[in-house]
Every structure is written in structure tokens, then in C-alpha cells.
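Worksheet: one structure, shown below.
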DNA sequence: TAATACTGTTAGCCCAACCTAAGAATATTC
DNA sequence: GAATATTCTTAGGTTGGGCTAACAGTATTA
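Residue numbers (the working numbering), protein chains in the order written: chain P, 1 to 163; chain D, 1001 to 1163.
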């Protein structure tokens, strides 16, 4: 049972940010979290209290904060959801990096686990299946522009058989 | 420019519900909205005030409420987002009706317009393209269970060419 | 039409998440 | 090591969304 009950979107964002900052700079400071999330330092303090009280971070006033094991699990879960969504947006829907990132940031908090799981499978399926793969995605991009598939698709299939 | 700035998730839910109830029963009562959204009647009153103040519903105490033209546009937009997501979940990811519905309910408020648009195109693409279609989805379902594609996919391609 | 039942509104409260301003702790530098 | 700068916390306020309980309209029906 990897994923118990979810936090609020806001707390998930804090956790995610804390994880990333620790990964990058060893230690997370309130100041940096505040600027990453574009909130005030006092909001960060409050979030710390809340996360500490939920057993997700180790926190004492004026001290360096760290993630508890539970906090790490939780943070990784959020980050995974983010990654799966972003991957799907970029690899399958072929949207731009920026929109993919923004979309993932928002949807990660709302998407049920079942859907994230399916999406994971779908992306790897589409990449592996000879009928999926780059061509399918390229075909999709064309389709987005022209609204049509017909001609291209015949080419696609013969092209597929050559593999 | 169909979609201006978004409402809060909560207000979008109210608008969506109001639209559906009016469509079904001609007129929306606070009581019914309350039970549909599982909130108290007083919360509905507050939401009415808020929506009215934003020019999305016509509201006067103790009177029947209706959607303004702007409210209709907004409601339809939310409902479209919901539908697109649910369709994708069911038709492409092949998740169950219930999870699809719940997922759509949550994600509809968070998903950027660009992603909704792409998803719309993707679903119709996958349904139209001979390399996509039912077989691809069926292949995906199998893949979900077995984790493999290989053998099945070869069959798929020849099957495709017969069309 | 008067009594009752139902529905909607108001008042007053809670909580999460944000804010600013001011004060406390820690770090830095002279 | 004292003064200054930086960072963190506290205090107190706001907003949005929810609640219950009490009250006010509207409807029903005897």
C-alpha cells in the first residue's frame, strides 16, 4: 500500500519542493522554499508546523528541516505523479514543455492513483508497441495540424511492417 | 476567446450542477444543489451570492435562479472539460466508469485548456486512425494485464492491413 | 384562512492558507 | 565580542469555503 490518504494541494507542493531542494543542496531553508513557491516566509513556517505535526518532516524552530521516512514516501509519490503526467503530456499529447510542466503541477494533486497508474502503463505501451511508438505520435501531431489521418496512416502501416 | 479566467473549483462545481439540474428539471432549487454537492443549504446560498456577484447567475433571495449568458458559457466549458477527461479515461485508458467520473470531477478544475484541447484531438485521433482504434485500445488492456505486447501486436498489424 | 411543513437566509463560528509587520534567533563581519 | 545583517517566527488580519442553529419566507392542506 504505497499511497495512503492525500495531503492538500498546498502541502503536497511544500513537500515536493522540500524534497527537490534537499536533493539539490543537501539542506532546505525556509527562504528558498518561500521563493520557489512564491509565498512569504511566514507561510512556510506554518506549513512546516503542519507537516511536522503530520509526521512528514522533522522540524524544530530555527533548525534545519529534514524529511521523515513517511515524508519521503509521500514526496516521492507526488513527484512520481508529476513526472507521469508531464511525460504523458510531452510524449503523447506533444504539448510544449512549459504547458506540460504547468499542467502537471496542477493536475498532480487531483489525479486519482488509478488514473496515474493507467497513464504510466499507457505511455510505456505506446512507446513499446510497434503500432504505437514515434510514428503514432508523429501521426498525431500531423492530425492536430491538419485534422486528417488517411493518407499518412497507410504509409504508417507499411512502414510498421518493415520493422 | 471562449474561456476567460477560471473560477475556483468549488464555484465551478456549483455552476456545473446548476446547469445540469436546470437542463433536467427546468429550474434549480438550493435544496437539490445542496444534496448533489453534499453541502449544506446555507453554503449554497453563499455560493449563489458569489456567482451572482460575478454575473454568472441571476439571483434574488427566495427566487428561482437562472444562468446568465456568461454563466452558461462558463458552465458549458466546465462540462466540456469534464466530458473530455472522462471520455479519455474510459475510451483510451479503459478505466472503470466510476473512477473515470471521479477523476474527471477533480481534474476538470485543474487541467489547462491547452491540455484539454489536445486530449480532445487525441481521443478522436485514436478512434479514427486505423493504427489506433479499438484494436489499439484492446491491445492496451491486454498490456495492462500481462505487461507485454509482442505477439499480439504482430497480429494487430496484419489485421490492420485487411481493412 | 390559519396551522403546519418545507425551503431559503442569516448569524455566528471553524479551518486552511495566505499576508504584513514586528520581534527573536542566528550568522557575519569589523 | 559587539554591531549589523540575515533568516525565522510570532502576532494578528484577510479570504474562501464550509458548518449549525435559529429565523423568515413560501407552500400546502386541513
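Cβ coordinates follow ideal geometry from the N, Cα and C atoms, glycine included.
Inset, instruction - Go through its chain and collect everything with a Cβ distance to residue 81 of chain P's Cβ below 7 Å, but skip five positions before and after it. - result: Contacts found: 108, 111, 116.
Legend entry - Buried or exposed by the 16-neighbour rule on C-beta atoms within 10 Å, applied to residue 14 of chain P: Around the beta carbon of residue 14 of chain P, 16 or more other beta carbons sit within 10 angstroms, so the residue counts as buried.
Legend entry - Terminal residues of the alpha helix (DSSP H) in which residue 119 of chain P lies: Boundaries of the alpha helix (DSSP H) harbouring residue 119 of chain P: 113-128, taken from the DSSP string.
Inset, instruction - Compute the Euclidean distance between the alpha carbons of residue 1095 of chain D and residue 1123 of chain D, then round it to the nearest angstrom. - result: The alpha-carbon atoms of residue 1095 of chain D and residue 1123 of chain D are separated by roughly 14 Å.
Inset, instruction - Along the alpha helix (DSSP H) that carries residue 20 of chain P, what are the first and last residues, could you check? - result: Annotation: the continuous alpha helix (DSSP H) that includes residue 20 of chain P extends over 9-25.
Inset, instruction - Would you mind sorting residue 1086 of chain D into buried or exposed? The rule is 16 or more other CB atoms within 10 Å of its CB. - result: It counts as buried.
Legend entry - Run of the alpha helix (DSSP H) containing residue 1032 of chain D, from where it starts to where it stops: Start and end: 1030-1037.
Legend entry - Strand pairing of residue 1066 of chain D, partner residues [DSSP]: Bridge pairing for residue 1066 of chain D: D/1058 [DSSP].
Legend entry - Spatially closest choice to residue 105 of chain P from P/118, P/78, P/92, P/113, by CA coordinates: Of the listed residues, the one whose Cα sits closest to residue 105 of chain P is P/78.
Inset, instruction - Evaluate residue 19 of chain P with the Cβ neighbour count: other Cβ atoms within 10 Å of its Cβ, from every protein chain shown; 16 or more gives buried, anything less gives exposed. - result: Looking at its Cβ environment, which holds 16 or more other Cβ atoms inside 10 Å, residue 19 of chain P is buried.
Inset, instruction - Assign residue 51 of chain P to one of three DSSP states: helix, strand, or coil. - result: The DSSP-derived three-state label of residue 51 of chain P is helix.
Inset, instruction - Determine, using beta carbons only, whether residue 1093 of chain D comes closer than 8 Å to chain P. - result: Chain P, which has a Cβ nearer than 8 Å to the Cβ of residue 1093 of chain D, makes this yes.
Inset, instruction - Ignore the nearest five residues each way along the sequence and tell me which others in residue 1068 of chain D's own chain have a CB closer than 7 Å to its CB. - result: Correct list, in chain order: 1055, 1056, 1057, 1058.
Legend entry - Where residue 1040 of chain D sits in the DSSP three-state scheme: Coil.
Legend entry - For residue 1024 of chain D and residue 1010 of chain D, the rounded distance between their alpha carbons: Cα-Cα distance, rounded: 21 Å.
Inset, instruction - Would you mind telling me which residues of chain P sit closer than 7 Å to residue 1114 of chain D, beta carbon to beta carbon, in chain order? - result: By Cβ distance, chain P contributes 95, 99.
Legend entry - Neighbourhood of residue 1012 of chain D by C-beta distance below 6 Å, restricted to the same chain and skipping five residues each side: For residue 1012 of chain D, where only same-chain residues beyond five positions count, the Cβ hits under 6 Å are 1078, 1109.
Inset, instruction - For residue 1118 of chain D, count neighbouring Cβ atoms within 10 angstroms of its own Cβ and tell me buried if that reaches 16, exposed if not. - result: Classification for residue 1118 of chain D: buried.
Inset, instruction - Measure the alpha-carbon distance for residue 1043 of chain D versus residue 1034 of chain D and round it to whole angstroms. - result: Taken atom to atom, the span from the alpha-carbon of residue 1043 of chain D to that of residue 1034 of chain D is near 8 Å.
Inset, instruction - Identify whether residue 1081 of chain D lies in helix, strand or coil by the three-state DSSP scheme. - result: Collapsing the DSSP output to three states places residue 1081 of chain D in a helix.
Inset, instruction - Using 10 angstroms around the beta-carbon of residue 16 of chain P, count the other beta-carbons present and answer buried if the total reaches 16, otherwise exposed. - result: That one is buried.
Inset, instruction - Give a yes or no on whether 8 Å exceeds the smallest Cβ distance from residue 1107 of chain D to chain P. - result: Yes, residue 1107 of chain D counts as interfacial toward chain P.
Legend entry - Spatial distance of residue 1089 of chain D from residue 1083 of chain D (CA atoms): One alpha carbon belongs to residue 1089 of chain D, the other to residue 1083 of chain D, and they sit about 10 Å apart.
Inset, instruction - Could you give the DSSP three-state label for residue 110 of chain P: helix, strand or coil? - result: Here residue 110 of chain P carries a coil assignment [DSSP, helix/strand/coil].
Legend entry - Proximity test, Cβ basis, 8 Å: residue 1127 of chain D and chain P: Interface residue (Cβ-Cβ distance to chain P less than 8 Å): residue 1127 of chain D is not classified as such.
Inset, instruction - Could you name the residues of chain D that residue 11 of chain P contacts, counting a contact when the two beta carbons are closer than 8 Å? - result: Residues of chain D with a Cβ closer than 8 Å to the Cβ of residue 11 of chain P do not exist, since the nearest Cβ in that chain sits about 16 Å away.
Inset, instruction - Check whether the Cβ atoms of residue 1045 of chain D and residue 1030 of chain D lie closer than 8 Å to each other. - result: Taking a C-beta distance under 8 Å as the contact criterion, residue 1045 of chain D and residue 1030 of chain D qualify as a contact pair.
Inset, instruction - Tell me whether the beta-carbon of residue 32 of chain P lies closer than 8 Å to the beta-carbon of residue 22 of chain P. - result: Taking C-beta atoms as the reference points, residue 32 of chain P and residue 22 of chain P fail to come closer than 8 Å.
Inset, instruction - Can you tell me which of P/102, P/121, P/76, P/37 puts its alpha carbon nearest to the alpha carbon of residue 6 of chain P? - result: Selected option, being the one with the closest Cα: P/76.
Legend entry - Listed by chain order, chain D residues near residue 102 of chain P by CB distance under 8 Å: Neighbourhood of residue 102 of chain P in chain D, by CB distance below 8 Å: 1112, in chain order.
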